[in-house]
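Asker:
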Amino acid sequence: MMYARLSQHVSFISHELAETAKIACPILISLSLSMLSGLVDTVALGRFSTQALSSAVVGTSIFIVFVTAVNGLLRSMIPLYFSASDSRESARVVFNSGALALGLSAFFCAVVLNLKSVLFIWGFEDTLSQHTYNYLGILIWGLIPLSLSMVVTNLFIVRKYTKPLLKVSALAFLVNVSTTIILVFGLTGGEPMGERGAAVGSVLSYLFSFAYGGLLYARKYKGVAPILVPEFCFSLIKQCFVIGVPISAAVVTKFTAMSMLAIWVSQAGDKHVGAFGILNNVATIVFIFPVAYGQAQLSRLGHTGKFETAGAGLRWLYACLLNIALITTLVVLTLFAIQDWLIGVYTSDDSIVALFQRTLPIMLIVVMFDAIQATSGIVLTHFKDTLFSFASIAIGYFLICLPVVYFFSDVTSPDIILHVYKAMMLCMLILTVLQVGRLSKRIVRE
């Protein structure tokens with residue numbers, strides 16, 4: 001009897017994993033290629049000149065802030081799409097999401113193109129170099145097609161049809177890499193463009209992603225249901241802000257907290273900063289798995305609708321969390337097994353290598369908790385409960401993690417990175433309890 005029940009549970013969990021993987025794998029590969037594009041840009045600019053590399057790093061850091069703001073708001077499109085009463089209402093959601101993306105990205109373009117004036121007003125006119133302005137002034141134009149391509153990506157996700165994202169992301173990657181290398185070094189005989197060439201390559205890849213992705217979607221679903229209903233609905237846009245602003249705020253909160261931790265770690269020396277940066281890069285590699293998995297579950301949950309009973313909902317939740325825990329564990333064990341090769345890719349400095357290897361185990365435990373809480377937070381978007389996720393992250397980082405490091409650690413200590421990740425482990429453990437508990441209540445309540 002017990003064996004039969006256990007077999008049923010294993011079968012259910014395996015089925016859930018297989019169905020989710022069909023949606024999540026193309027998203028995961030798309031995110032991986034996006035990260036790889038950034039790596040290629042960094043390597044190309046590093047080989048061109050240190051000045052070009054530094055200007056691109058600073059410019060990209062500013063650009064990501066605007067991308068985060070737009071992406072958070074557009075994430076609201078998915079629950080609004082699923083809660084629409086009919087196909088026409090869904091098409092109205094798509095149109096208003098696209099209009100919001102276009103309007104916001106155009107506004108941010110205007111801000112960046114007048115960035116010198118903005119910084120002058122605040123007294124920071126000499127903060128950025130001319131090379132950074134040159135890079136950012138071109139790259140920011142890519143925010144418009146990038147925002148619209150996010151809408152197209154959301155359309156594929158809500159349709160549970162993410163396979164085209166493989167083709168779109170692979171071809172966009174080739175467009176970015178080939179264009180960037182040619183323009184940065186002037187391989188066609190023209191003048192080397194340096195950081196401006198990298199910016200042009202990125203913009204062209206964003207344009208391609210939007211145009212080709214939109215074409216594939218229209219070809220697949222034209223005539224099946226209305227894709228766009230050009231009717232402005234301010235109540236829909238208001239809901240986008242209500243749901244999306246906490247998502248953007250949560251990401252900005254995390255970025256801010258990690259920046260503060262990096263500043264404190266820097267007081268222990270350059271070696272510690274280098275090790276901390278490499279550890280965060282490795283954590284980012286792991287983090288794309290729960291992002292892809294969470295978006296896939298969001299799509300499946302939208303099509304499933306309400307669960308028949310609270311027990312069925314909780315059964316689904318336990319399978320969902322167990323699967324992401326298993327996936328993250330496999331990724332973590334793989335990274336731990338290849339740690340010598342991994343750190344060798346980044347640096348050959350023995351001091352940084354020692355710091356990395358000493359801290360890696362606890363960092364991998366942190367990202368396992370982070371994966372579970374992040375998945376829960378993404379799924380909470382289905383219930384439009386994003387304010388709770390933001391509040392949890394703000395509490396976790398600013399009332400737990402940062403105070404623990406500030407009051408109970410010596411920032412000049414050789415063990416500061418270890419102390420930081422111990423504080424983050426406590427933070428992630430509490431976040432996991434909060435997010436999973438909230439999600440359980442919402443599922444039972446629904």
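Oh and the sequence shown: position 210 is 210 in UniProt numbering, straight run, nothing missing.
Heads up, the beta-carbon is just placed ideally off N, CA and C, and yes, glycines get one too.
Model, not experiment: these values are computed from the prediction.
Could you check what DSSP says for Asn114 in three-state terms: helix, strand or coil?
Answerer: Here Asn114 sits in coil by DSSP.
Asker: Which residues mark the beginning and the end of the alpha helix (DSSP H) in which Ile243 is found?
Answerer: Residues Phe234 to Ser266.
Asker: Taking the beta carbon of Met363 as the centre, do at least 16 other beta carbons fall within 10 Å, making it buried, or is it exposed?
Answerer: Label assigned to Met363: buried.
Asker: Do you know offhand how far His419's Cα is from Gly98's?
Answerer: Straight-line Cα distance between these residues: approximately 44 Å.
Asker: Please classify Ile140: is it buried, with 16 or more other beta-carbons within 10 angstroms of its beta-carbon, or exposed?
Answerer: Counting Cβ neighbours within 10 Å, Ile140 comes out buried, since at least 16 surround it.
Asker: Can the beta-carbon of Leu298 be found closer than 8 Å to that of Thr381?
Answerer: Closer than 8 Å, so yes.
Asker: Taking 8 Å as the cut-off, decide whether the C-beta atoms of Ala44 and Val203 are in contact.
Answerer: No, they are not a contact pair.
Asker: Please name the residue, chosen from Ala292, Gln373 and Leu73, that lies closest to Pro246 on a Cα-to-Cα basis.
Answerer: Answer by Cα proximity: Leu73.
Asker: For Ile343, I'd like the list of residues in its chain whose CB is within less than 8 Å of its CB, leaving aside the five on either flank, ordered along the chain.
Answerer: Excluding residues within five positions, the ones whose Cβ falls inside 8 Å are Ile278, Ile352, Val353, Phe356 and Gln357.
Asker: Do Ile157 and Gln295 count as a contact pair if the criterion is CB distance below 8 Å?
Answerer: Closer than 8 Å, so yes.
Asker: With contact counted as at least three CB pairs below 8 Å, one residue from each stretch, are the region 366–383 and the region 315–324 in contact?
Answerer: Verdict: yes, contact present.
Asker: Using DSSP with H/G/I as helix, E/B as strand and the rest coil, what is Leu36?
Answerer: Of the three classes helix, strand and coil, the one that applies to Leu36 here is helix, per DSSP.
Asker: Which value, in whole angstroms, describes the spacing of the CA atoms of Phe232 and Gly269?
Answerer: Roughly 54 Å between the two C-alpha positions.
Asker: Which runs of the alpha helix (DSSP H) spanning at least 4 residues fall entirely within the region 337–400, listed in chain order?
Answerer: List check, alpha helix (DSSP H) in window: 339–346, 350–380 and 386–395.
Asker: For Gln130, count the other beta carbons within 10 Å of its own beta carbon; 16 or more makes it buried, fewer makes it exposed. Which is it?
Answerer: That one is exposed.
Asker: Any chance the region 279–295 sits against the region 17–30, with 3 or more Cβ pairs inside 8 Å?
Answerer: Verdict: yes, contact present.
Asker: Beta-carbon within less than 7 Å of Leu165's beta-carbon, same chain only, minus the 5 sequence neighbours each way: which residues are those?
Answerer: Same-chain partners within the cutoff: Pro26, Ile27, Ser30, Thr153 and Phe156.
Asker: Quick check on Gln8: buried or exposed, where buried means 16 or more other Cβ atoms within 10 Å of its Cβ?
Answerer: Its Cβ having fewer than 16 others within 10 Å, Gln8 is exposed.
Asker: May I ask you to report which of helix, strand or coil DSSP gives Pro230?
Answerer: It is coil, neither helix nor strand.
Asker: Report, in whole angstroms, the separation of the C-beta atoms of Ile243 and Tyr293, which I expect to be a contact under 8 Å.
Answerer: Not confirmed; about 21 Å, so no contact.
Asker: What residue range does the alpha helix (DSSP H) around Arg196 cover?
Answerer: First-last of the alpha helix (DSSP H) with Arg196: Glu195 to Tyr221.
Asker: Looking at Ser147 and Ser105, is the spacing between their C-beta atoms short of 8 Å?
Answerer: Yes, these two residues count as a Cβ contact at 8 Å.
Asker: For Gly46, I'd like the list of residues in its chain whose CB is within less than 6 Å of its CB, leaving aside the five on either flank, ordered along the chain.
Answerer: The answer, listed in chain order, is Leu53.
Asker: Please classify Arg300: does DSSP put it in a helix, a strand, or coil?
Answerer: In this structure, Arg300 counts as helix in the three-state DSSP scheme.
Asker: Take Phe63 and list the residues in its own chain whose beta-carbon comes closer than 7 Å to its own, dropping the five residues that flank it on each side.
Answerer: Hits under 7 Å: Leu136, Leu139 and Ile140.
Asker: Checking 8 Å against the spacing of the C-beta atoms, do Val273 and Ala257 come in under that value?
Answerer: No, they are not a contact pair.
Asker: Look at the Cβ atom of Asn280, then the Cβ atom of Met150, and state whether they are nearer than 8 Å.
Answerer: Their beta carbons are not under 8 Å apart, which means Asn280 does not touch Met150 by this criterion.
Asker: Can you tell me the Cα-Cα spacing of Ile400 and Phe407, whole angstroms?
Answerer: The alpha-carbon atoms of Ile400 and Phe407 are separated by roughly 11 Å.
Asker: Could you tell me the alpha carbon to alpha carbon distance between Gly437 and Val251, rounded to whole angstroms?
Answerer: C-alpha separation (whole angstroms): 21 Å.
Asker: Between Leu143 and Phe95, how many whole angstroms is the CB-CB distance? I'm expecting something under 8 Å.
Answerer: Leu143 to Phe95, Cβ: 20 Å. No contact.
Asker: Could you have a look at Tyr161 and say whether DSSP puts it in helix, strand or coil?
Answerer: Coil.
Asker: Just the Cα atoms here: how many angstroms apart are Asp350 and Ser178?
Answerer: Using only the alpha carbons, I get a separation of about 35 Å.
Asker: Under 7 Å Cβ to Cβ from Val366, same chain only, skipping five residues before and after it: list those, please.
Answerer: Answer for Val366: Tyr421, Met424, Met425 and Met428, listed in chain order.
Asker: What's the C-alpha gap between Lys160 and Val345?
Answerer: Spanning the two alpha carbons is a distance of roughly 36 Å.
Asker: Thinking C-alpha only, which one of Met193, Pro361 and Trp316 is nearest Val282?
Answerer: Of the candidates Met193, Pro361 and Trp316, the one whose C-alpha sits nearest the C-alpha of Val282 is Pro361.
Asker: Check for me: the alpha helix (DSSP H) holding Gly137 runs from which residue to which?
Answerer: Note, Gly137: alpha helix (DSSP H), Gln130 to Leu139.
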